[in-house]
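Asker: Quick one: this structure, given as structure tokens, is what I'll be asking you about.
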Amino acid sequence: METIISIKPLLAILVSLLVVPLLVLSGKRPNVREACTFLAAAVKFLIILSMVPVILNGTQIVYTIAEVIPGVAIKLRVDAFGMLFALVSSSLWIVTSAYSIGYMRGLKEHSQTRYFCFFALALSATIGVAFSANLLTLYLFYEMLSFATYPLVTHHQDREARSSGRKYLLYIVGTSIGFVLPAMLISYSLAGTLDFSSQGFLAGTGSKTLISILCFMFLFGFAKAAIMPFHSWLPAAMVAPTPVSALLHAVAVVKVGVFCVARVLTGVFGTDLLLSLNLGVPIIYIASFTIMAGSLIALSQDNLKRLLAFSTIAQLSYIVLGIGLLSPKGMTGGMLHIAMHAFGKITLFFCAGAIFVATGKKNISEMIGIGRRMPVTMAAFFIGSLSIIGMPPCGGFISKWYLVLGSLQAHQMPILFVLLTSSLLNAAYFMPFVYKAFFCRPEDAMFENKVQEAPAFCVVPLVITATISVILLFYPQPFLRLARIMVQSITGV
Amino acid sequence: MSEQYPALLVVVPLLSALVVSIAGWVNKRLCFPIAVAALGVAAWSAVGLLLRVLDKGVIVYKLGGWSPPMGIAYYIDYLNGLVLPVVAIVAFINLIANKKAVEQQFPDKIGPFYTLYLLMVTGLLGIVVTGDAFNLYVLLEIAALTGYGLLAMGEERAPLATLNYLYMGTIGACFYLLGVGYLYIVTGSLNMVDIARLLPPLYQSKAVLAAFIICMVGVWLKMAFFPLHAWLPNAYTYANSAASSLIAPLVTKVMIYVMIRLILTVFTPEFVFTTLALSNAVVWLAVIAIVMGAVLALAERNLKKMLTYIVVAEVGYMVGGAWLGNRDGMTGAILHIVNDALMTLCVFMVVGNIVYKVKGYAFEDLKGLFRKMPFTMGALVIGAMSIIGVPPTCGFFSKWYLIVGAISAGHYGFMAALIFSSMVSVVLFFRVFEICYFEPFADHHGHDNHPGGMDEAPVSMVVPLLIVAVILILVGLYTGDIVNHVIQFAIPETMV
Amino acid sequence: MTDLISMVVAKYNFWIYITLMMIGLYAIIAKNNLVKKIVGMNIFQTAIILFYVSISVKKGATIPILEHGHGPDAHHVVHAADYINPLPHVLMLTAIVVGVATLGVALALAIKVYDNYGTLEEDEILAQIREK
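In structure tokens:
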């Protein structure tokens, strides 16, 4: 595996940090401010895109920022998995920025400058997590993300926001300081290094019990992955404005959580160690429980965003499940699902927000017949939900397919059952809503029959992401190729 | 000139204190520039000394040319070479930042205030730079007495709180003096290096044991190590902001330095950790100190008092880290001297800014501060991150070494206490942030109806604060250099 | 029993200074009046000064002043055993000055407390603070 040294990863992170002063200065002129955000998002995406050919060749890019502790530096490394995640989040930032404009201006929200600034900081931290070379750097950007997203979650500054903010901090910072930090330091004491490597670095350093305990500390410590029982922050965080929920809680924050879990399982422990200690089995059962419970709870939800939140909780555990299967196809499926789920879920959240901007409605029971009024939005919603369920013609089908193959490869039959049942449950909570939105008795319709969509800045992004979800089925590159490269470097297959 | 840095360091602030007190009668406006010049020279000398130590190794400076053990020698090695610039720079930044606050709070006592300020810095710098045990007592008392004077200038409760501090502080210093007396009886010398040379054959004697314990208790009293901490919260809370942001970051850290100096240089680690069997007990005391500091801080509804309890907990970190007995723990303790001085300076300067504008520091006074004073609160956020221990601020890295030291020593109770303290700090600071950010609650969201715009403290108070906040991050990123080039050599090689 | 008595009698300077320290400490803790506390603190410091002075004594030695003075015959051999140790006395001069300064500061603070609260009894002061 060749490595080259380049400052590009650092630049990708810094772009959105450096734009923050510009945003503050142009706060009084909203159009200039929004233009700065777009510029930063575009530059970030281009820098990341420029590194893709190198990564697809099998090379890795490294850059050391500071040697802070002997044996552990703040260091960046771009490999296939990190590139996959970075591509997803940076491309979606551009789309979300457009959507934010429509949403925030449509609702005449306050403190928009603060919103865009912390959004930029959160994206910096996300790319930082994607490009971390070791556990310390990962922890650094993980914490930065936690604190950068707090003002976004509590944007509305009312009592509900305050209590949701408390829950957010309690779950996310409490687990990272209480579990991840000691686990990281114990790992350092055992191994003397924290750098991720393709076969992990903890092999042969400690007793079986200690390593198993560390594994679970990391698994539950990254509470952004919303593995039960540390999931309650996610529905509570839905009080945030919808673009925040969309990007952060469908794409950036939660994906950071599962990315960290996947990174630690593969880069710190390594598949060989996990297989020899038989740790894959508890992991997939914990993930399966979250999948089933999340889907079941989603069935009972009336508030659209809460339904989507529980759906997200379940979908995230698919990724954990994929990694936990420890089989090449399973891990490919899990990593690919990061991309597929992101595009699908963000479409759904965009639609929920568009509905709120156009009609002010939040609950499904109040949205009967809404397809007549907002056909484009609901069509996109339909496509997004197909992707989440895992049906063609949407990209989610590919990742689910790989997960099924992966569970067969790992000889885990019950998981097959879990995957199929949860797909049925997903259909059960999405399809009735879509059906009732389009086909209902004229007297039940709650809206007039004329088309009145949300502002263009809201509708165009969701159409774009829905279209990409469909395209991804037919052309899942570069994500599939990146996932395959990563799995190959881990397992050699 | 650079050979005279050790003397300049102490003499310049001392003499300029005299000049300032005279200038105070003649023309009040001269006091501040003279004080700034004096502390500038002191900071310059301190940094120069550190660079010379890095270049040439340990420096021994004989005052007046008299040789030890009869003469007093200033002894600068890697340990105090690191602490000296910290003390000098903290005092310097604090002086500049608090100019307006001093003028606001006691405009008729500017001369006396700066005199006491300069004498206090003289005392603190002298404690760090000296190599003579009795000279340390003298400078300790200089720092203490001027500290009492500074702290008493404040609210109505300040004189009584300071009087209580005075009793405890005097008892502490007297204990230290007694311990030095015992050492003198058995060795006949007062020079630290000399005593260390003469002590090893006497390690088993009761007198040396008694000397060590008595010195330790005295130093613990002066650094507010639980349960000898009761004087600190009241004394620091009711004082005026310029004094509390000078004393809170520095006095306890300098006392920790004295403790580490006694452990590493005078009574070597062989005696302290091997011959005595006290380390485990002291680390458990430190655990209790950390937990109690955190719990007592939670009970306060007053920002400044909450911060003083955090200081008590931080003292627990450093004492526990030093007494773990291994290299990582001692590195953590020494690194934390630097880091905690900076973090405490940052948060107390924030309180100073808040008091200047809002004239109060209880939680009720803090409503809506994120909107009114964004730069000050931004610095508070960074200071809070450092106290919680979030990378890349410096507080994280000293916690790293302390926890790794605890793991190596098998002392999981200490590790648990440090993690507990981090989590409690999150609660403590976010309680404050919630009040500053959410309250007063707007009637309904979605409208830009927050009353009032920015009402920030003056530039001369905000810019130094922001500089300190940036330093917190820079020191964090440069931890590797600090540990590898300085602290590593401050700890004897015999410590593993 | 005789061992105990001989131990007490031989190290009588230690016992005296410890007793004085404890008296001082008792005054600081138990007395109500601020001035009495301050006096107690002074007793505490004085005990230590007394201790240092007591350790400089030697049997059959005289005060440490050389009679010969300056001049051509000034350099006689000086037997240290003939003169008591002057160093602790010198150190204690410093300590006495420190003690006096501390006393001054403490009394100034007590005056300030009296100005604020009108009384020097600690229980009355605490009652006033609690009322506010």
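Chains as they are written, first to last, in the numbering used here: chain R, 1 to 493; chain B, 494 to 989; chain X, 990 to 1121. Glycine included, C-beta positions come from ideal geometry on N, C-alpha and C. Bear in mind that the values here come from a model prediction, so they are computed numbers and not experimental data.
Quick one: is residue 1017 of chain X near chain B, going by C-beta distance under 8 Å?
Answerer: yes
Asker: Closer than 7 Å by beta-carbon distance: list the chain B residues that pair up with residue 34 of chain R, in chain order.
Answerer: In chain order: nothing, as chain B lies at least about 17 Å away.
Asker: As a quick exercise: from B:568, B:578, B:545 and B:609, pick the residue whose alpha carbon is nearest that of residue 524 of chain B.
Answerer: B:609
Asker: Taking the C-alpha atoms as reference points, what is the distance between residue 616 of chain B and residue 603 of chain B?
Answerer: 20 Å
Asker: My assumption, with CB atoms under 8 Å, is that residue 321 of chain R sits in contact with residue 392 of chain R. Please give the rounded CB distance.
Answerer: With a Cβ gap of about 21 Å, residue 321 of chain R and residue 392 of chain R do not count as contacting.
Asker: Given residue 151 of chain R, which residues of its chain have a CB within under 7 Å of its CB, disregarding the five upstream and five downstream residues?
Answerer: 114 and 118
Asker: Which residues in the same chain as residue 840 of chain B place their Cβ atom closer than 6 Å to its Cβ, once the five residues preceding and following it in sequence are excluded?
Answerer: 800 and 876
Asker: Once you ignore the five residues that flank residue 1048 of chain X on each side, which residues in its own chain have a CB closer than 6 Å to its CB?
Answerer: none
Asker: Return the CA-CA distance between residue 569 of chain B and residue 598 of chain B, expressed in angstroms with no decimal places.
Answerer: 38 Å
Asker: Can you tell me whether residue 986 of chain B is buried or exposed? The criterion is at least 16 other CB atoms within 10 Å of its CB, across all chains shown.
Answerer: Residue 986 of chain B should be labelled exposed.
Asker: Enumerate in chain order the residues of its own chain whose CB-to-CB distance from residue 851 of chain B is below 6 Å, with the five nearest sequence positions on each side excluded.
Answerer: Taken in chain order, the residues that qualify are 858.
Asker: Using a threshold of 8 Å, state whether the C-beta atoms of residue 97 of chain R and residue 37 of chain R are closer than that.
Answerer: yes
Asker: In chain order, what are the residue ranges of uninterrupted alpha helix (DSSP H) at least 4 long that sit wholly in the stretch 725–774 of chain B?
Answerer: 734–754
Asker: Mapping the DSSP letters down to three states, classify residue 157 of chain R as helix, strand or coil.
Answerer: coil
Asker: Inspect the beta-carbon positions of residue 396 of chain R and residue 340 of chain R and report whether they are closer than 8 Å.
Answerer: yes
Asker: 8 Å is my cut-off, CB to CB: does residue 562 of chain B come that close to chain X?
Answerer: No, no contact with chain X.
Asker: Can you tell me which of R:178, R:187 and R:223 puts its alpha carbon nearest to the alpha carbon of residue 261 of chain R?
Answerer: R:223
Asker: Which runs of the alpha helix (DSSP H), 4 residues or longer, sit entirely within the stretch 125–157 of chain R?
Answerer: List check, alpha helix (DSSP H) in window: 135–153.
Asker: Check the C-beta distance from residue 12 of chain R over to residue 485 of chain R and give it rounded, since I have them as a contact under 8 Å.
Answerer: Not a contact, Cβ separation roughly 19 Å.
Asker: Taking Cβ-Cβ distances shorter than 8 Å, what residues in chain B pair up with residue 182 of chain R?
Answerer: 896, 908 and 912
Asker: Measuring straight from C-alpha to C-alpha, what distance separates residue 753 of chain B and residue 292 of chain R?
Answerer: 57 Å
Asker: Going along the chain, which residues of the stretch 1024–1057 of chain X sit with their C-beta nearer than 7 Å to a C-beta in chain B?
Answerer: 1026, 1030, 1033, 1034, 1037, 1040, 1041 and 1044
Asker: Which of the three DSSP states, helix, strand or coil, is assigned to residue 274 of chain R?
Answerer: helix
Asker: How would you list, in chain order, the residues of chain X whose beta-carbon sits under 8 Å from the beta-carbon of residue 664 of chain B?
Answerer: Simply 1014, 1017, 1030 and 1033.
Asker: Going by other Cβ atoms of all chains shown within 10 Å of its Cβ, with 16 needed for buried, is residue 625 of chain B buried or exposed?
Answerer: buried
Asker: Going by DSSP, what residue range makes up the beta strand (DSSP E) through residue 364 of chain R?
Answerer: Neither: residue 364 of chain R is in no beta strand (DSSP E) and is coded neither H nor E.
Asker: Which partner residues of residue 568 of chain B appear in the DSSP bridge assignment?
Answerer: B:553
Asker: With 16 other CB atoms within 10 Å as the buried threshold, where does residue 937 of chain B fall?
Answerer: Low confidence applies to residue 937 of chain B: its pLDDT is 45, below 50, so where it sits in the model is not reliable, and the reading given next is rough at best. Flag for residue 937 of chain B reads exposed.
Asker: Under 8 Å by Cβ, that's how I've got residue 478 of chain R and residue 56 of chain R pegged, so tell me the actual separation to the nearest angstrom.
Answerer: Rounded, the Cβ-Cβ distance is 6 Å, consistent with contact.
Asker: I'd like the list of long-range same chain contacts for residue 662 of chain B, defined as Cβ closer than 7 Å, with 5 residues on each side in sequence excluded.
Answerer: Cβ within range, chain order: 637 and 715.
Asker: Using the C-alpha atoms, what's the distance from residue 622 of chain B back to residue 47 of chain R?
Answerer: Within the model, the alpha-carbon separation for residue 47 of chain R versus residue 622 of chain B is close to 52 Å.
Asker: Could you tell me whether the Cβ of residue 2 of chain R comes closer than 8 Å to any Cβ of chain B?
Answerer: no
Asker: Is the stretch 55–72 of chain R close to the stretch 459–469 of chain R, with three or more CB pairs under 8 Å?
Answerer: As far as the Cβ criterion goes, the stretch 55–72 of chain R does not touch the stretch 459–469 of chain R, which means the pair count is below three.
Asker: Along the stretch 647–659 of chain B, what residues have a CB closer than 9 Å to any CB found in chain X?
Answerer: Listed in sequence order: 649, 650, 651, 652, 653, 655, 656 and 659.
Asker: Span of the beta strand (DSSP E) holding residue 67 of chain R?
Answerer: 60–69
Asker: In angstroms with no decimal places, state the Cα-to-Cα distance between residue 940 of chain B and residue 94 of chain R.
Answerer: Low local confidence applies: a pLDDT of 44 at residue 940 of chain B is under 50, so the model's placement there is unreliable, with the coordinate-based value given in what follows. Approximately 26 Å, taken between the alpha carbons.
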